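Novice: Next up is a structure, given as structure tokens.
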Amino acid sequence: MVKHSSHSRTMEFVQKLRPIDNAFFPVLGQDPGVMEEILRVILNDNTLTVEKVIAEYTLPNLPGRGVRLDSFCETGDGHRINVEVQKADDDDHIRRCRYNAAGMTWKEAEKGTRFKDLPDVCVVYITEHDFLHGGRTVYHVDKILRENGSLIDDGSSVIYVNTAINDGSAISDLMRCFLQKTVNDPRFPRLSERVHQYKNTEKGAAEMCEELERYIDEITEEMQTKVVQLQASNSEKDRALFENSKIISEKNRTISENSKIISEKNKAITEKDKEIARLNELVASLSKGDSRPANS
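Our numbering applies: residue 2 is where the sequence shown begins, and numbers increase by one.
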């Protein structure tokens with residue numbers, strides 16, 4: 002009974018998912034047909050073919066921060082394309098794309114590879130917000146020579162696409178599908194089919210349940226890691242505060258001791274001033290005595 006109830010809640014959650022959601026896109030992104038359909042529209046290339054797809058691909062052997070790509074595609078002409086979906090609007094999207102593209106290049110550059118043999122890499126970055134604020138559905142980033150405006154092709158490119166702007170193009174129509182819980186558009190048959198399958202067939206539902214369990218486990222692990230990092234950071238801050246408090250306490254003690262010394266010196270000066278005043282009075286008194294007439 003409990004298991005049935007849990008499954009029902011999971012399926013209720015699945016019915017609410019949209020292609021742009023983090024828990025759903027990686028499932029869709031593992032289908033070469035879906036990715037081919039999406040990329041043909043965004044890249045405006047009806048001849049494009051996707052030969053291989055790896056969903057949620059963690060790039061191996063990278064130094065520093067790791068890179069996990071939502072959907073890593075290899076096309077028939079040898080291009081490497083990362084299709085990334087991002088709902089949040091609290092990150093530096095541009096630098097994120099730069100990092101992903103660099104990671105893809107690093108991954109493809111085997112030892113001894115000549116630079117001219119590096120494959121072309123492209124990041125297609127889909128967001129729920131028009132974070133560039135240009136009022137367009139799609140933005141193509143080009144590298145240019147500032148002095149004369151000539152384009153430079155270094156084999157890497159970035160395309161920003163958003164679901165917020167509807168410009169009446171095929172791309173914006175595709176983006177509308179990314180916001181829908183039910184997709185049924187004859188222009189995008191593979192995407193429509195897969196969304197229906199995962200939400201309305203027994204096999205698809207089983208795959209979605211499995212994917213959600215894995216997704217929840219990953220989120221839980223990430224949260225636990227962040228908690229540990231936060232605790233470590235707080236411990237470090239506590240140690241720093243403790244050390245600072247010791248330094249401040251030592252400085253306060255030094256100030257207090259100096260204040261005592263100054264107070265003692267001031268007291269001694271006051272006593273000396275009093276002694277000088279008494280001597281001045283005595284001198285003044287003697288002077289008056291000496292100034293009296295001799296016969297008086």
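Beta carbons: idealized from backbone N, C-alpha and C, even for Gly. Fair warning: this is a prediction, and the values are worked out from it, not measured in the lab.
(1) Below 7 Å CB to CB, which residues in the same chain sit around residue 180 once its five sequence neighbours on both sides are set aside?
(2) Looking at the structure shown, is residue 157 part of a helix, part of a strand, or coil, going by DSSP?
(3) Give every residue of the same chain whose Cβ lies closer than 8 Å to the Cβ of residue 35, excluding the five residues on either side of it in the sequence, and list them in chain order.
(4) What residue does the alpha helix (DSSP H) around residue 55 start on, and which one ends it?
(5) Which residues bound the beta strand (DSSP E) around residue 301?
(6) Can the beta-carbon of residue 27 be found less than 9 Å from the beta-carbon of residue 51?
(7) Can you grab the Cα-Cα spacing for the pair residue 275 / residue 256, in whole Å?
(8) Name the one or two DSSP bridge partners that residue 140 has.
(9) Going along the chain, which residues of its own chain have a beta-carbon closer than 8 Å to the beta-carbon of residue 206, five neighbours each way excluded?
(10) For a test of the three-state rule: what should DSSP assign to residue 72, helix, strand or coil?
(11) Count the C-beta pairs between the region 92 to 99 and the region 41 to 51 that are closer than 8 Å, then say yes if the count reaches three, no if not.
(12) Check whether the Cβ atoms of residue 74 and residue 40 sit closer than 9 Å, and answer yes or no.
(13) Could you compute how far the alpha carbon of residue 102 sits from the alpha carbon of residue 132?
(14) Of all the options 87, 78 and 134, which has the alpha carbon lying nearest to the alpha carbon of residue 69?
(15) The alpha helix (DSSP H) spanning residue 106 covers which residue range?
(16) How many angstroms separate the CA atom of residue 269 from the CA atom of residue 251?
(17) I'd like the ranges of any alpha helix (DSSP H) spanning at least 4 consecutive residues and lying wholly in the region 181 to 242.
(18) Among all the DSSP beta bridges, which residues are the ones paired with residue 145?
(19) For residue 149 and residue 159, I'd like the C-alpha separation in whole angstroms.
(20) Note down the Cα distance separating residue 106 from residue 38, rounded to an integer number of angstroms.
(21) So, helix, strand or coil for residue 21, using DSSP?
(22) Is the Cβ-Cβ distance between residue 157 and residue 122 less than 9 Å?
(23) In its own chain, which residues sit with a C-beta less than 6 Å from the C-beta of residue 3, not counting the 5 before and 5 after it?
(24) Using 9 Å as the threshold, is the C-beta distance between residue 85 and residue 126 below it?
(25) If you reduce the DSSP assignment to three classes, tell me which class residue 128 lands in.
Specialist: Concretely, from the data shown:
(1) 19, 21 and 164
(2) strand
(3) 29, 191, 192 and 195
(4) Run containing residue 55: none in the alpha helix (DSSP H); it sits in the beta strand (DSSP E), 51 to 59.
(5) Residue 301 is absent from the structure shown; the chain starts at 2 and stops at 297.
(6) no
(7) 28 Å
(8) 161
(9) 12, 15, 199 and 200
(10) strand
(11) no
(12) yes
(13) 19 Å
(14) 87
(15) 94 to 109
(16) 27 Å
(17) 190 to 201
(18) 152
(19) 22 Å
(20) 24 Å
(21) coil
(22) yes
(23) For residue 3, the predicted structure reports a pLDDT of 47, less than 50, and the residue's modelled location is therefore unreliable. A value from the coordinates is still provided. Answer for residue 3: no residue qualifies.
(24) yes
(25) strand
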